[in-house]
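*Asks:* Have a look at this one before I ask anything.
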Amino acid sequence: MFNVKRLTLFLVTAVLVLGVSTLPTFAKKNTEVIIEGCRTGADCNDGVFCNGEETCHINNIRNNKGVLIKKLGVCKPGVSPCPRGQRCFNREAFCKVPCEDRDGDGHGALSCGGDDCDDRDPNRFPGNPEICDANGIDEDCDPKTVGDKDADGDGFISHLCK
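Mature numbering (1 follows the signal peptide of the UniProt record, and there is no 0) puts the sequence shown at residues -27 to -1, 1 to 135.
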């Protein structure tokens, strides 16, 4: 048996691919042919926050001799949701002004979300070895370890640091 819908779909696809402007005269009128693609922006969502919200753009909807041809959409990438000068964090899905590292130790100031307890002193940052000194300076930015130093590596803090 002759399947009119399949033949029409084949012919419409051939017309779109080959660029022919009219359908053959035996294509059935009042037929809707849909060439697959996206239908809504949800079809395009890649789950990545920092590249913005993707959208679906419908390419062609036209009526050719009573056959409605709908070539469904193409996904278009979104625009970054972050304003210029802000950094985008995919996992957390937010934008933030990056912290300036004034002292060049690789850690931004606490005031802008960084972890540097003193962004004016390059010798004070998280992970820096703590030094046993009379000044009581917190070199590793951990208030629980100020001046605590296990100089000989025996697991005990030096008696000089107390």
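The beta carbon of each residue, even a glycine, is placed where N, CA and C say it ideally should be. The structure displayed is predicted, hence computed values, not measured ones.
Helix, strand or coil for C17 per DSSP?
*Replies:* Working through the sequence shown from its first residue, we reach residue 17 at position 44. Note: C17 maps to helix in three-state DSSP.
*Asks:* When you compare only the Cα positions, how much space is there between S(-7) and V47?
*Replies:* Position 21 of the sequence shown holds residue -7. Position 74 of the sequence shown holds residue 47. At S(-7), the pLDDT of 45 sits below 50, so the modelled position is not reliable; the number obtained from the coordinates is stated separately. Their backbone Cα atoms lie some 21 Å apart in a straight line.
*Asks:* Thinking H30 and K44 are a contact (beta carbons under 8 Å), I'd like their distance in whole angstroms, please.
*Replies:* Here the question's residue 30 lines up with position 57 in the sequence shown. Here the question's residue 44 lines up with position 71 in the sequence shown. Not quite, the Cβ-Cβ distance comes to about 11 Å (not below 8 Å), so this is no contact.
*Asks:* Only counting the same chain, and skipping five residues up and downstream in sequence, which positions put a Cβ closer than 6 Å to that of E73?
*Replies:* Walking along the sequence shown from the start, residue 73 turns up at place 100. So no residue of the chain qualifies.
*Asks:* Just reading off the beta strand (DSSP E) that H80 is part of, what are its end residues?
*Replies:* The sequence position of residue 80 within the sequence shown is 107, counting from 1. Where H80 is concerned, there is no enclosing beta strand (DSSP E), given that its DSSP letter is neither H nor E.
*Asks:* With distances taken between CB atoms, is the gap from D92 to D76 smaller than 8 Å?
*Replies:* Locating residue 92 in the sequence shown gives position 119, counting from the first residue. Locating residue 76 in the sequence shown gives position 103, counting from the first residue. Their beta carbons are under 8 Å apart, which means D92 touches D76 by this criterion.
*Asks:* For R64, which residues in the same chain have their Cβ closer than 6 Å to its Cβ, ignoring the five residues on either side in sequence?
*Replies:* As a position in the sequence shown, residue 64 is number 91, starting the count at 1. Result list for R64: empty, nothing under 6 Å.
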